[in-house]
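Participant: Residue numbers (our numbering), protein chains in the order written: chain Y, 199 to 544; chain L, 43 to 316; chain F, 86 to 586; chain V, 81 to 426; chain Z, 15 to 304. Here a beta-carbon is modelled for each residue, glycine too, at the ideal position from N, C-alpha and C. Since this is a predicted model, take the numbers as computed values, not measurements.
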Amino acid sequence: MTALPEQTDTRPEVDALLSVRNLTIDAGTKPDPIRLVQDFSLDMFPGDRVALVGESGSGKSVTARSIMRLDPDFRLSGSVRFQGQDLLKLSDRQMVRVRGHKIGMVFQDPMGALNPLITIGEQVMEPLRIAGVSRSEAERRAKDVLDELGVVNAAARMKAYPHEFSGGMRQRVVLAMALISNPSLIIADEPTTALDVRVQEQVLTLMDKVSKERGLAVLLITHDLGTVAGFTDRVAVMYSGRKVDEATVDNLFEHPAHPYTQGLLQAVPRIDQTVPRLLTIAGAPPHPAARPAGCAFNPRCPKAFDLCRQEVPELRPAPGGGVVACHHYPEAEAEAEAEAGEEQGA
Amino acid sequence: MSLLELRDVCKTFHAFGREPVKALRDINLTVEEGTITGLVGESGSGKTTIIKSIMGLEKPTSGTITYDGINIPEAKGDELRRVRREVQFVFQDPTSSLNPRMTVEKLVGEGLLVHKLETDRSRRRARVADLLTMVGLSDRDLDRHPRSFSGGQRQRIAIARALAIGPKLLICDEPVSALDVSVQAQVLNLLQDMQEELGFTVLFIAHDLAVVRQICSRVAVIQSGQIVEEGPSETVLANPTHPYTQALLRAVPNPNPTVARQRAQERLAEEKVA
Amino acid sequence: SLSGCTAGRASDGSATSGSSSVVVGFKHEFNTMDPLHADYAQTNMVDNIVYEPLVQFDAANDNKMVGMLATANRVSPDAKSIEFTLRENVVFHDGTPFTAKDVKFSLDRYVRLGQGIASQLAGYKSTTIVDDSHVVVNLSAPNAFFISGLADVYIMEAAAVSAHAGTDDSQGWLQSHEAGTGPYEGSSTSSPDGTTATRFDKYWNFDATRPKQLVFRRIDESATEHDELKAGNIDVALGLTASDAESLKGTSGLAVNFVKTPGQTELFFNNSTGPTADPKIREGLKLAFDYAGGYSRILAGEGTISNGILSPAFTCLPAPTPSVQDKAKAKQLLAGLGSTSLDLRYQSVDDTQTQLATLFQSNLKDLGVNINLVPIAFPDYLKTLSSPSTIPSLMLLNDYIMTSDPGAGLDKLYNSANIGSTNKGAYKNAKVDALLDQARVTTDLAQRCTQYKQVETQVESDSAAAYMYQVAFPVGYRSDLKGITASWSATPISFQTLRLG
Amino acid sequence: MANNSPARQTAVFLVRKAVSSVITLIGLSMFVFLMVKLIPGDEARVAAGENATPAQVEAVRKSLGLDQPFFVQLLQFFGRLLHGDLGTSITTHQSVLQGIEQVMPQTIELVVLAIIIIISVVTPLATLSALRRDGATDVAIKLFVILSAAMPTFWLALLLQYLLGTQIGIVPISGRLSRQFNIPTQTGAVVVDSLLAGNPLAAWDGLQHLIVPAIVLALPFGAQLYRILRAELIQVLSREHLTVARAKGVPQRQLVWRHVLPNSIGPGITLVGIQFGAMTGAAVLVEGVFGLVGVGSYLTNAVAQKDTFAVLGGVLVIGVLVVVSNYVVDVLQLIRDPRLRAGQLG
Amino acid sequence: MSNTLTKIAPLRRRTVRAITGVSGVQVIVPIMVALLVILAIVGPLIAPFDAVYRSNILDSLQAPSAAHWLGTDGQGRDVFWRIIAGAQSSLLSSVLIVTGFSVLGILVATIATLGGKRADEIVMRIVDAALAFPPIIFALGVAAALGPSLSSAVIAMILTGWPVTARLLRGVMKETMSQPFIENARVLGVSRTRLMLHHVLPNSLDVLVVKWAGDIGNTILILGGLSFVGVGAQPPSAEWGAMVTGAKNVIATAPWAALAPGFAIALTALAFGLLGDILQVRFNPALRRR
Ligand SMILES: Nc1ncnc2c1ncn2[C@@H]1O[C@H](COP(=O)(O)OP(=O)(O)OP(=O)(O)O)[C@@H](O)[C@H]1O
Ligand SMILES: Nc1ncnc2c1ncn2[C@@H]1O[C@H](COP(=O)(O)OP(=O)(O)OP(=O)(O)O)[C@@H](O)[C@H]1O
Ligand SMILES: [Mg+2]
Ligand SMILES: [Mg+2]
């Protein structure tokens, strides 16, 4: 665990907008802590669009929230450098200034994400008002952002309450709150999961557009590989608290390296092709307090062998590019295994 | 032969102090025996209202709903009992659709008890155990409560519960939309296998066309309470005629980066034009 | 601003005794100032100083009759009418002179309304105005007891009261207003938590040593009154329990007087029906109670153990027969009761009664007799009196005979004609009835006295009730106040006699 | 859309409430009437006096209409009620309305002060508790609250009076106003009257008289509010919109005031509304000890004397107050929650 | 995930437990309650009759001593033994009251939930009317109608307590009724009775269990309050509320006579209050930790 995982990216770390190194997250008390996330590392550069995928409970949200230090009770170790500053070393007060101002966040449930008692306008303006921006100025900027996000008649709609908005509109408002202070990074935690297919599409398009226009870096969290395909450049796959796979989108979809990634891909029903039966990943992910020995995925892995049950695989460069944590990829065998993986997928 | 038939079903909600909501307008829908029929539409299009009407929990404002010759809204006594026995449901959220206080044995066995199909306790237990094995659980799970299962497993329990009394028609209201992709695949497979094995009829409701395509032979598309397109799923999905169907189809995420990126480009362009 | 409430007795030299305002703490609701209800102690407490009756009786002077608004009276030999000579130069609080028509108006009003004090006027026929200063009160039948009942019958100003007659014969108005001649003027802001009375300077018997103001403040809890008195926030405490009063003794600047009243704590038996119809049982019950123990501990050794059916406050009494416990005899007499358990009714609002009842219950338990204590509310109690069959087997109560001449009281309690209303024990004895009928037409006081004594002896030997204690009413007060003594016109004390030291 | 406007909906809602309140009050009167009639005893005898002759009793019975059958008496009561006449008390011989006017201000003053104490003490305590959930602070507060609510009201009243009033002397022992003050009665509430008379010293003195009884009265009710509020706060604290607010960089203080409290006080407000009636009744337990005469004492006495109209009047007035306070609660809720205004939750 | 903060909770609890050992409360409270229950059962058996009930008037108001641990009351009875003997009537009556009005409340709530819109409306109007009636005054009235005694106080309080329960439960039951599993059961053809007994009630009663424990404490307090205004157990009963009331007049001179039973009440209310709190944490989904 001491070894620094290798980089997927060749760009120098110093230029990174966000550089997470060996982030380990513990919950619970000292004698019996629950390790939610272990040695998570990720680099994001300005304008980067990265997806973080994995089944429910794999630790995606915990990771995202810990970058923002939203849970005071998690014990965090490692480092989270944002624009050169280690967020884990900031005081609570300094952290408040980072949240919402430099890093914006978008959440899953658009209804739950808005305070039902306060008007949309107030909520969108809030980050600016906290920063001391005058009311009229804040109002103007809120209107601009909402306009930009396609809220028709924004000035009037700002006086409305969340319940008067439809799900898709609410998600726009949530996005507006995240964007209003011009952050350079947006973390979107399942922003579309609760939405209808069509609204989902709209919101993604919107995020796509805004981030491109503003050169925003986006960390998109989801469990659905399908939704990331058209949106991101790079995908990191998490399983049971660890990053197990990371690659560029094309690589990942074409040559999924990790058996888990392969499984996820095969499980998505596809509109452009029918299979008699969907291929599934048997079983369920382990509880963070009771992970199996060795590779956490081994009980569900069709290719598991003895080593998998004994030793936790480390991240190594994958044959098709990127990194993967799987005993099937000791450097030499990597190519062959990748082939095998592909065959299975067909 | 059609097992379930909706003819000109309309439903208007009159809430106090609010504008009436026309949730269903002249719905005509036929479910053929032994098939899996899909019903797709976005949120609020009226899918659940249709289901509730079939359940007999909402009375349509007009129109008829016939199940095997029985007009459901009017059904009483023996007829109603037959409907209750032969039509079963699986709901979207496997957590809230299972009584958290009951053990799996009781949950799955309740239908057997209520319809007096198996009144002997130990034999009922054995039947339930069989059902559990059938849906991929085991008899060790008999005395557990639904809370201790994962989402996918809960949905299996819900399916076992529905299948316990041997329904002729199974109606699933978005049974997989709350599940993870990997679990969703498990449940879809299970449904498909069961249907093939037992030969019952399924009305499958979803908003994801890819899911529908995977398991349905026929599909009906509903928009704002109206069926806008209907036909064999291959045909409808390959050549959608209605713009709404087309839009739905395009919205389905495609796990193919090249296609997806291209589509994203198109959308962005459209967005700019609009 | 705190000094008024927190200053203890020590600092009262400047704050309270210098002021001539006296605050009186009292217990239970103060309902109305209407003298119609002067039979109710809290009403009478105030009415007694704002109104005046025609005559009064002096407890300190052998219960002699003294004139108030009447300077002289003469009962006709046939006891069918009384002539009063009225005091001159008396004015009501609004300045109107007092005349005969006010007497007639007042008496007529009471009788017309037929409530409260009207019961003292039973047998009243009419009033004849002779002139401004002479009236004759006519009775429908000879009644020698009548005049002694007039001590609580107050005279009000005809003009002022009839001006506010309304639909209820001025009852609403008089609830919080007064129209009297007394040494104090009532305020118009009386409320359930009390009232204020101010010295009336044109009072015919003006005395500058009366306090300028009397403030009556309702405080229901004895402990609270006790503390307030000690703190100097009230000057007279009328709602103390015996033990609280006892504990005040010896406090500097305070005095405690257990005012001996004409009332007695008594245990009435149902003399007509049920197990207590048997005189032996009644006697047994009477002998079962630990009078001495209750006296020393519950009554704190104040007052006296009863000597007979009347309180020692009365003047014509037979030879004393102190109540004593005799367990052996009681046990023997009560054997006739078998295993029947009896209900003892009492008014649980009075803590002393609760304690006495509990002691009695325990005493009887020692003798193998079960008694259930059943509290009874006042309206229910009154209702039970309507028939001998509903009268409780045992009823513990404080009974007051309000007139210095016990005739009327004895008549109400023991005349069989009054069973169903005021004869609380449904007591019936032809000899007693005859004696009382006789006394009613006897104008000579001494002669009546002999008859009373005969009645008393007879009733007592019939064990009509167990006579327990003379009610000694504990009053705590600022020791520089004078005149806190027993009175016939108000129970336990009248503030007419109150003077600053 | 006029028939759909929030204003109209609100109006309709309030009118509906008013109608059902009136029905409630009528039901309440009938209920009370029946109850009082079931109390054993003879009102006519009480009215006539202990020593009255049977003839006098009958005359009084007739004049009070007590000789009429039950339903006739009830109808007569409602008939008088229409003219604003609550009847006459058989013990005070005073109009019930007037009697209640004399005692009501006292009780309202006490109850309102108690409610002010409850709200101003419980809200911060519950907030602190919820924020430090299960921490030492929370446990300490919880214990304190449960302990103080576990003391019998009247017993605590006696105890506090003895300790604070008599022994330490920091508050007056009993009563409403110290003897050196003479304040003309206007509203009947001492503190208000003192202020109206331009005598702040007297108002302060009146407040000192009220404070201990109000605290004693407040304790058990405060404990209930604390429980509800704490539970609600904890629930609200776990809502996603709070995470969103924190991710927006909202500082703790503003988070509590703007986002947490307004969303949590709903059930608390309703509870205080419901408690109002119970408090006026429970006031009787402290009134006696502190030498106060309020509506509780009035009613206790009236019940003991079987004073039908006094009981009816008193309960009815409390009923009206409860209805009014529920109304106020409803309006407050409407102000608080825009969803209610839109009739979405109604 | 919606409830991130609830997830955090177990952590806090453990920390506190580790540092302060406060969760000892969760051990102590059930023990306290158990002791009280045992006391209520054996109390009257072990307390000597004479010490409890027999007036020993010359020994009245003795200060606590070796012979009388908590002193004697105005009748010279031993306060300690009276408290022991009184546990039964105090606790038993509270349990009876709370159980009584809970049952009534459940019945009423069931009628409101199952009886359709109109029944619901009528029932809720009645509940509102009952709630507008100050409970103490109502209890006073009922007790006055039945004649003051412990049993009429019990009946009075049962009649006073149900509306709150009914209202609370109706809300919860309505919520339960709207859960999909209820629909699920209905379309399975489950009868109304079975629906109520197996589906609605089991999922609604949590709330009641919590309330039940808290109410026991409250009831003991209110029962004492009723004694204070003259309704409740009569002499020579050793019911705690009556003991305090009987001794309130000597609170300055013989404080032990009122203090001791007052503490007994407070302690009991505290124990049940804490129990209610523990149960609330166990049962309230909002406070439950995973
Ligand atoms: N405060 C906490 N204490 C203990 N365990 C926690 C805590 N918060 C989260 N967890 C656990 O950590 C694991 C990861 O949770 P997380 O919410 O990050 O999953 P996720 O990948 O975002 O899943 P989903 O797709 O459901 O949102 C889960 O097993 C969760 O139960
Ligand atoms: N009880 C009701 N009262 C008023 N309007 C209702 C009611 N039930 C449903 N509606 C309305 O009817 C329309 C159809 O709702 P329905 O629940 O059938 O949609 P759905 O297709 O199932 O949507 P989803 O995908 O969100 O479940 C919606 O506009 C909804 O608001
Ligand atoms: Mg998540
Ligand atoms: Mg639906």
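Chain B beta carbons: is any one of them nearer than 7 Å to that of Ala91(V)?
Facilitator: Structure shown: chain B not included; protein chains present are Y, L, F, V and Z.
Participant: DSSP state of Phe191(L), grouped into three classes?
Facilitator: coil
Participant: Express the C-alpha separation of Ile257(L) and Gly35(Z) in angstroms, rounding to a whole number.
Facilitator: Low per-residue confidence applies at Gly35(Z): pLDDT is 40, beneath 50, and the placement is therefore not dependable, though the value from the model is reported in the following sentence. Cα-Cα distance, rounded: 57 Å.
Participant: Can you say whether Val294(Y) is buried or exposed, counting buried as having 16 or more other CB atoms within 10 angstroms of its CB?
Facilitator: buried
Participant: Using the C-alpha atoms, what's the distance from Ser277(Y) back to Ser217(Y)?
Facilitator: Spanning the two alpha carbons is a distance of roughly 8 Å.
Participant: For Pro185(V), report the span of its alpha helix (DSSP H) as first-last.
Facilitator: 176-211
Participant: Give the DSSP-derived three-state secondary structure of Leu140(L) in the structure shown.
Facilitator: coil
Participant: If the cut is a Cβ gap below 7 Å, which residues of chain V does Glu306(F) touch?
Facilitator: Gly368, Val369
Participant: Kindly say whether Pro232(V), judged by its beta-carbon, lies nearer than 7 Å to any beta-carbon of chain F.
Facilitator: no
Participant: Got a sec: which bits of the stretch 241-272 of chain L sit with their beta carbon under 8 Å from any beta carbon on chain Y, in order along the chain?
Facilitator: His249, Asp250, Leu251, Ala252, Val253, Arg255, Gln256
Participant: Any chance you could list the residues with Cβ under 6 Å from a heavy atom of ligand 2, keeping chain order?
Facilitator: Phe55(L), Ala57(L), Val63(L), Ala65(L), Gly83(L), Ser85(L), Gly86(L), Ser87(L), Gly88(L), Lys89(L), Thr90(L), Thr91(L), His249(L)
Participant: Decide if the stretch 394-411 of chain F is in contact with the stretch 331-343 of chain F; the criterion is three or more beta carbon pairs, one per stretch, under 8 Å apart.
Facilitator: Output reads no: the stretch 331-343 of chain F does not touch the stretch 394-411 of chain F.
Participant: So, for Pro497(Y): in the same chain, excluding its five sequence neighbours on each side, which residues have a beta-carbon less than 7 Å away from its beta-carbon?
Facilitator: Taking C-beta separations shorter than 7 Å and ignoring five residues to either side along the sequence, the partners of Pro497(Y) in its chain run Gly481, Pro490, following chain order.
Participant: Among residues of its own chain, excluding the 5 on either side of Phe280(Y), which ones have a beta-carbon nearer than 6 Å to its beta-carbon?
Facilitator: Leu216
Participant: Beta carbons nearer than 7 Å to chain F: which residues of the stretch 117-142 of chain V have them?
Facilitator: Pro120, Gly121, Asp122, Glu123, Arg125, Val126, Ala127, Ala128, Gly129, Glu130, Asn131, Ala132, Thr133, Pro134, Gln136, Ala139, Val140
Participant: Counting only runs of 3+ residues fully inside the stretch 164-203 of chain F, write out the beta strand (DSSP E) ranges in chain order.
Facilitator: 166-171
Participant: Among all the DSSP beta bridges, which residues are the ones paired with Phe131(L)?
Facilitator: Ile213(L)
Participant: Report buried or exposed for Glu152(L), applying the criterion of at least 16 other Cβ atoms within 10 angstroms of its Cβ.
Facilitator: Under this definition Glu152(L) is a buried residue.
Participant: Among Arg291(Y), Leu418(Y), Leu477(Y), Asp470(Y), whose alpha-carbon lies nearest the alpha-carbon of Met461(Y)?
Facilitator: Here residue 461(Y) turns out to be Gly, not Met, going by the sequence shown. Residue Leu477(Y) is the option with its Cα nearest to Gly461(Y).
Participant: Return yes when at least one heavy atom of ligand 1 lies under 6 Å from the C-beta of Val260(Y), else no.
Facilitator: Yes, since a heavy atom of ligand 1 falls inside the 6 Å radius drawn around the Cβ of Val260(Y).
Participant: So for Asp312(F), helix, strand or coil by DSSP?
Facilitator: The answer is helix: DSSP assigns Asp312(F) an H, G or I state.
Participant: Note the first and the last residue of the continuous beta strand (DSSP E) segment covering Gln298(F).
Facilitator: 298-303
Participant: Any heavy atom of ligand 1 closer than 6 Å to the Cβ of Ser254(Y)?
Facilitator: yes
Participant: On the three-state DSSP scale, how would you describe Tyr288(F)?
Facilitator: coil
Participant: Smallest Cα separation from Asp470(Y): which of Val263(L), Leu251(L), Thr287(L)?
Facilitator: Measuring from the Cα of Asp470(Y), the nearest candidate turns out to be Leu251(L).
Participant: Measuring CA to CA, which of Gly178(L), Arg186(L), Leu212(L), Arg182(L) is closest to Gly194(L)?
Facilitator: Gly178(L)
Participant: So what does DSSP say about Val36(Z), is it helix, strand or coil?
Facilitator: For Val36(Z), the predicted structure reports a pLDDT of 44, less than 50, and the residue's modelled location is therefore unreliable. A value from the coordinates is still provided. If DSSP states are grouped into helix, strand and coil, Val36(Z) belongs with the helices.
Participant: Rounding to the nearest angstrom, what Cα-Cα distance links Val510(Y) and Ala494(Y) in this structure?
Facilitator: 8 Å
Participant: From the DSSP secondary-structure annotation, give me the bridge partner or partners of Met150(F).
Facilitator: Met150(F) is bridged to Phe142(F).
Participant: For Thr443(F), would you say it is in contact with chain Z, using Cβ-to-Cβ distances shorter than 7 Å as the test?
Facilitator: Yes, Thr443(F) counts as interfacial toward chain Z.
Participant: Applying the 10 Å Cβ sphere with the 16-neighbour rule, what's the burial state of Val248(Y)?
Facilitator: Around the beta carbon of Val248(Y), 16 or more other beta carbons lie within 10 angstroms, which makes this residue buried.
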